[in-house]
Structures are given as structure tokens and as C-alpha cells.
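Okay, structure first, notes after.
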Amino acid sequence: MEQKLELGNCYYRPSFFNMKIDLPINLEDLNTIPEGAMGLYFHEYIHYLQDISTIYGLMNISTITFYIQSCAHYLSKNKKYTNFKVPISLENILNDGVEINYGLLNFSLRPIYIGSSINPKSSIIKDFKFKIIDSILSDGNIIQKVIISFIGDNDLYRELEFGGNHITEGMAYLCEQHNFHETLSVPSEYPYNVVEKIVELLYPQIVEEKILLIALCDISLMTYHPGLSFVRLVEFVREKQLINETTDLDNIYKEGYAFLKGNHVDFDELVDTVKVEICKNFNAEYYEDIKTWINCIFDSVKIFRREIPSFIIDLVRFGKPKDNHFFKLIHTVLGSPLVLNELGDGTISLPINFTPKGENFNPGIFLAISQILKIFYRDKPAKCELIDYCKASRQNDPKIVIDDNCFNSPWLKSKKTFLCPVGQIWHHWALKEFCPQYF
Numbered sequence: 008m009e010q011k012l013e014l015g016n017c018y019y020r021p022s023f024f025n026m027k028i029d030l031p032i033n034l035e036d037l038n039t040i041p042e043g044a045m046g047l048y049f050h051e052y053i054h055y056l057q058d059i060s061t062i063y064g065l066m067n068i069s070t071i072t073f074y075i076q077s078c079a080h081y082l083s084k085n086k087k088y089t090n091f092k093v094p095i096s097l098e099n100i101l102n103d104g105v106e107i108n109y110g111l112l113n114f115s116l117r118p119i120y121i122g123s124s125i126n127p128k129s130s131i132i133k134d135f136k137f138k139i140i141d142s143i144l145s146d147g148n149i150i151q152k153v154i155i156s157f158i159g160d161n162d163l164y165r166e167l168e169f170g171g172n173h174i175t176e177g178m179a180y181l182c183e184q185h186n187f188h189e190t191l192s193v194p195s196e197y198p199y200n201v202v203e204k205i206v207e208l209l210y211p212q213i214v215e216e217k218i219l220l221i222a223l224c225d226i227s228l229m230t231y232h233p234g235l236s237f238v239r240l241v242e243f244v245r246e247k248q249l250i251n252e253t254t255d256l257d258n259i260y261k262e263g264y265a266f267l268k269g270n271h272v273d274f275d276e277l278v279d280t281v282k283v284e285i286c287k288n289f290n291a292e293y294y295e296d297i298k299t300w301i302n303c304i305f306d307s308v309k310i311f312r313r314e315i316p317s318f319i320i321d322l323v324r325f326g327k328p329k330d331n332h333f334f335k336l337i338h339t340v341l342g343s344p345l346v347l348n349e350l351g352d353g354t355i356s357l358p359i360n361f362t363p364k365g366e367n368f369n370p371g372i373f374l375a376i377s378q379i380l381k382i383f384y385r386d387k388p389a390k391c392e393l394i395d396y397c398k399a400s401r402q403n404d405p406k407i408v409i410d411d412n413c414f415n416s417p418w419l420k421s422k423k424t425f426l427c428p429v430g431q432i433w434h435h436w437a438l439k440e441f442c443p444q445y446f
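Everything in the sequence shown is counted per this note's numbering, starting at 8 for the first residue and increasing by one.
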């Protein structure tokens with residue numbers, strides 16, 4: 008259920024506006040951080056842009072939000088079941104409403120769209136192959152999937168589904184290597200080189216055109232099913248002979264969008280829908296700044312995708328971030344997600360047209376919602392993943408307390424006088440009397 012796009016111990020957490028650079032350094036001023044740390048930041052920042060500015064990323068946010076809100080709504084309306092069984096299955100709690108069926112369908116398709124996990128990684132890929140197969144859904148409809156196979160570490164044969172996980176990681180790796188190949192070490196071939204392995208089989212003449220490959224990844228992410236879209240797009244580019252000595256990437260975007268669009272929803276409409284869905288998490292005036300922040304980010308994203316569809320390409324090819332005026336423009340307008348370092352210290356760059364009106368603005372609230380997702384779908388208890396973040400936050404707010412509940416039952420924090428982020432949301436969603444029942 009949960010996703011974590013990672014490079015070493017650094018990661019971006021899709022749908023929850025959070026990334027981590029696993030170094031014990033201050034990340035507030037990007038102009039002063041070491042070159043290697045900047046490369047790691049750049050890689051994870053690309054994931055942030057994929058999350059907020061592509062149809063795949065937005066659908067992922069929408070689907071996860073749908074699951075979380077459905078679970079919370081079901082529990083709050085069924086107060087006689089205060090000890091609820093986990094994991095919570097959508098099929099067991101939803102009625103036959105048309106809107107809910109649509110959400111349930113997207114949720115059931117999500118594993119196909121994202122593909123297999125990026126873990127365990129493999130340092131080598133040998134004898135790489137792929138094939139496209141038909142998969143029959145529970146309603147009898149057929150959807151195609153891309154199946155990859157290879158010999159990995161210890162001569163282990165692996166067969167996996169190629170999807171958004173591999174496109175996003177492959178694209179971020181290509182972006183990072185374009186500017187930081189002399190600084191950052193080469194990671195495992197799986198998952199980071201899968202995109203290139205597919206291109207080697209389909210259109211080997213372009214495999215060294217890294218900026219072009221980034222563009223093909225980006226275009227594919229403007230669909231629900233980026234794994235299949237990527238294969239079809241590379242075939243289309245090859246058959247139409249769109250690549251030559253005077254290749255115009257703007258034309259590649261134009262032709263690629265037209266080829267892949269199909270029945271995909273309008274991007275601006277999807278952005279507006281996702282904004283509303285996210286803001287439904289916050290129905291109290293206390294969270295007005297969070298909602299304004301979300302609206303600010305996504306309103307700007309619509310402009311970038313409409314006016315400069317290939318803005319991520321420009322972000323990459325104009326050089327390293329510290330000397331890259333276009334990166335600085337993007338970073339200034341869109342800001343950053345919450346960025347944690349190794350010690351749990353959090354920092355954030357706010358969009359230029361957003362200033363919190365009060366003291367309640369806390370982007371760590373999305374970390375709390377991520378934790379609640381884990382409570383809903385995991386079949387055994389686990390410690391709260393905000394512990395390091397809360398420990399670091401105590402320097403600014405001594406009322407924060409780390410206790411046994413943080414390690415064993417984070418939902419009980421909603422009963423405390425001072426509410427941590429998880430306790431806040433659990434209480435805000437009227438779940439104060441509810442506890443998961445594990446078997």
C-alpha cells in the first residue's frame with residue numbers, strides 16, 4: 008500500500024509531501040549544502056515534481072486519499088465497532104454507490120499502475136527481457152501489463168511488473184546523473200536502469216540520449232498506466248522516426264501527448280479534483296494555512312504544465328541547481344515538500360506566493376496521515392515513524408512528549424492533553440474512541 012521512492016537511505020514519500028536526505032546536516036539553505044547532498048536533494052525533488060505535476064502522481068494521491076478517507080468515514084459512522092479489525096478492506100466497507108465504485112476501481116488498478124516494488128534491489132541485471140500480457144480484472148475487463156524478467160544478484164531469476172515505480176525511479180536517476188554523475192555513486196541496476204534496459208531492446212539508437220529518455224518518462228507519467236505507456240511511446244517514436252539530428256523536444260511532447268492521451272482526464276480538471284480531495288482531510292479553521300498551501304502549489308503546477316509542458320527537462324539541462332536559474336524559479340514558485348535530515352530535523356521552502364497567516368502551519372501533518380494509513384492497512388502494530396521528527400521538534404515546542412504510545416499505539420495519542428500530529432488527525436477525524444484490533 009505505502010510507497011517510498013528511495014535512493015540509499017534517502018527517499019520521497021509519494022502522496023504525503025515529504026522527503027528525507029539521510030545526512031546530519033542543515034538543509035535550510037541549498038546554496039551552502041555539500042555537492043553530494045545537493046545531488047541527493049535533486050533526485051528526491053524530481054520525485055516531488057513527479058508527484059504533483061503528472062497524471063500518474065495525481066491519480067496516486069487521489070487513490071490513497073480515497074482509501075484513507077473511506078476508512079475514516081466508515082469508522083466514524085459505525086461507533087459500535089470501536090475496536091476495528093485491520094487491515095481494513097475497501098471491498099468490505101463500501102456500498103454500491105457509483106462514485107464509490109469508481110474510487111474502488113481505481114484502487115484495484117493501482118497495483119498494476121505502480122508495478123512491482125523497487126525492493127529488493129539488484130546490483131546487476133543480466134538477460135533482460137520484457138513482454139506484454141493481458142490481465143483479466145475481477146469485472147471481466149482486460150488490462151495489459153508489462154512483465155520484465157532478468158537474472159539478478161546470486162543468479163536469481165526475477166519476473167516483475169513494470170510500472171510507475173520504475174519510471175519514476177529511472178527518470179529521477181537519469182536527471183540526477185545528468186548533473187551529478189561525478190559526485191554520486193552508481194546505484195543498483197534494478198530498479199534504476201530498467202527504463203534504459205527497455206529502450207536498449209526497443210530502440211537502441213537512442214539509449215544514450217539521456218535527456219530524451221527523461222522526456223519519454225515524463226510524457227509516460229502523464230497517463231494512468233505509465234509502464235505500458237512508456238513501451239508504446241518508445242515504439243511510436245521509433246516508427247514515426249521522430250528522432251533525428253534536429254530533434255525538437257517540444258514536438259516530442261506534443262506528439263507524445265497526442266498519441267497517449269486516449270481517455271485520460273484533463274490535467275487541469277484532475278488537479279482541481281485532487282486539491283479538493285486533499286483539503287477534505289482538514290475541516291477545521293485550524294488547518295486553513297495547510298489548505299492554502301496545497302492550493303498554492305497546485306495552482307502553480309497547472310500553469311507550468313500548460314505553458315511549459317517540458318519544464319522538468321529544462322530544470323535538468325540548465326545545469327546543477329546552485330547555478331541553475333530555472334531550478335531556482337521552480338523551487339521559488341512551487342517550494343519544497345517537508346525535508347527531513349538524518350536527525351529528524353525538518354525544513355521546508357514555501358512557495359513565493361504563500362505566507363502562513365498563523366502559527367498552526369505544520370506540513371508534518373501529512374506525515375501523520377501517512378502514519379494513519381499504516382494503522383488502517385497493516386496487520387500488526389508498529390512504532391510511529393514520526394518519533395525522530397517529534398524528538399527534533401521538541402527544541403521548538405517542549406510540550407511534545409515521546410512515550411510508550413509512540414512505540415506501540417500511536418492512535419492513543421489522541422487522548423492526551425497535548426496532541427501530536429497523529430493525535431491531532433485521529434481526534435480531528437472523530438476517531439478518538441477507536442482502536443485497531445490485531446490478531
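Just so you know, even glycine gets a beta-carbon here, dropped at the ideal spot from N, CA and C.
- If you look at F23, you'll find it isn't in any beta strand (DSSP E); DSSP assigns it neither H nor E.
- The C-beta distance from H54 to T175 rounds to 6 angstroms, short enough to fall under 8 angstroms.
- The shortest CA-to-CA distance from V206 to any of L240, A437, R312 is the one to L240.
- Rounded to whole angstroms, V323 and L235 show a C-alpha spacing of 25 angstroms.
- Secondary structure of S227 (DSSP, three-state): helix.
- Within 10 angstroms of the beta-carbon of S129 lie 16 or more other beta-carbons, which makes it buried.
- Rounded to the nearest angstrom, the gap between the Cα atoms of R401 and S356 is 21 angstroms.
- Annotated three-state conformation of I150 is strand, per DSSP.
- Within the region 200-251, the runs of alpha helix (DSSP H) that reach at least 4 residues and sit entirely inside it are, in chain order, 201-209, 217-227, 233-246.
- By the Cβ criterion, the region 370-388 is in contact with the region 16-27, since at least three pairs of Cβ atoms, one from each stretch, lie closer than 8 angstroms.
- In the pairwise beta carbon analysis, the region 403-414 is classified as not touching the region 256-275: fewer than three pairs are separated by under 8 angstroms.
- C-alpha of V278 to C-alpha of G263: approximately 21 angstroms in a straight line.
- Shown here, Y164 sits in a strand according to DSSP, grouped into three states.
- In the three-state reduction of the DSSP assignment, V408 falls in the coil class, being assigned neither a helical nor a strand state.
- Three or more beta-carbon pairs separated by less than 8 angstroms are not found between the region 73-84 and the region 38-52, which leaves the two stretches without contact.
- With three or more CB-CB distances shorter than 8 angstroms, the region 113-121 counts as touching the region 142-162.
- For the 8 angstroms CB-CB criterion, P198 and Y63 do not form a contact.
- The residue from V153, Q212, L163, F325 with its alpha-carbon nearest to that of F187 is F325.
- Nearest to N33 by alpha-carbon distance, out of V346, L249, D306, I213, is V346.
- When the five nearest sequence neighbours on each side are left out, the beta carbons in the same chain lying within less than 6 angstroms of the beta carbon of K136 are those of S156, in order along the chain.
- Per DSSP, T72 has no beta bridge partner at all.
- Put simply, of C427, Y48, V93 the residue whose alpha carbon is nearest the alpha carbon of I28 is Y48.
- The DSSP-derived three-state label of T299 is helix.
- The continuous alpha helix (DSSP H) containing I100 extends over residues 97-100.
- Under DSSP, K92 forms a beta bridge with Q444.
- Taken in chain order, the whole beta strand (DSSP E) runs of length 3 or more contained in the region 330-354 are 345-348.
- Taking the Cα positions, E51 is about 19 angstroms away from E392.
- Contact check for V281 against F305 passes: the beta carbons are separated by less than 8 angstroms.
- Look at I139 here: in three-state DSSP terms it is strand.
- Two segments are said to touch when three or more pairs of C-beta atoms, one from each, lie closer than 8 angstroms; by this definition the region 86-94 does not touch the region 333-347.
- Burial of Y294 is indicated by the presence of at least 16 other C-beta atoms within 10 angstroms of its C-beta.
- The three-state secondary structure of D134, taken from DSSP, is strand.
- When I125, G159, L112, L438 are compared, the shortest CA-CA separation from I150 is found for L112.
- Taken in chain order, the complete alpha helix (DSSP H) segments of 4 or more residues contained in the region 354-439 are 372-384, 394-400, 411-415, 428-435.
- In the DSSP assignment, L181 falls within the unbroken alpha helix (DSSP H) covering 171-187.
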